[in-house]
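Visitor: Below is a structure I'd like to ask you about.
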Amino acid sequence: MFKIAKEFSFDMAHMLDGHDGKCQNLHGHTYKLQVEVTGNLHLDGAKRGMVMDYSDLKAVVKQHILDPMDHAFIYDLQSEKETKVAQLLMDLDSKVYGIPSRTTAEEMAKYMFEKLANVGLPVSLIRLWETPTSYCEYSR
């Protein structure tokens, strides 16, 4: 079994409604995302000797994670306060993206893992840096 990984960078804003620190306020981060996939090598064809072509991995992550989330306000669909902020931003033609959980690094890593797994990517690990010195890993 082999593992390959690719890193991505994107920017987004969020807030943590009910948090007891400064992250309760609307703020942004430049996130670094590492997506790891696991599999056996292709035995023949154009992808022979590869787990997956890195450009194919990039295309899947771009479509399902980066395009909808980059430069967006990411919000918790269950938070009334965050939903109000999102509605205001939508009314102003700004980009928003809701997830069904709090927008902590931990919950977003899990969300990204499940989203990519559900589209058939053999993802084995998500590593999400919220700052250059702080990251979360999620795997099953």
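According to the UniProt record's numbering, the sequence shown is numbered sequentially starting from 1. C-beta atoms are modelled at their ideal positions from N, C-alpha and C, and glycine is treated no differently.
(1) Could you give the DSSP three-state label for Val51: helix, strand or coil?
(2) Would you give the residue range spanned by the alpha helix (DSSP H) that Thr30 belongs to?
(3) Could you spell out the range, first to last residue, of the beta strand (DSSP E) harbouring Lys6?
(4) According to the neighbour-count rule (16 or more other Cβ atoms, all chains shown, within 10 Å of its Cβ), is Phe2 buried or exposed?
(5) If you drop the 5 nearest sequence neighbours on each side, which residues of the same chain put their C-beta closer than 6 Å to that of Trp16?
Guide: In this structure, then:
(1) coil
(2) From DSSP, Thr30 is part of no alpha helix (DSSP H) but of the beta strand (DSSP E) over 27-39.
(3) 2-14
(4) exposed
(5) Here the sequence assigns Leu to residue 16, which means Trp is not the residue at that position. So the list reads Cys23, Gln24, once near-sequence residues are dropped.
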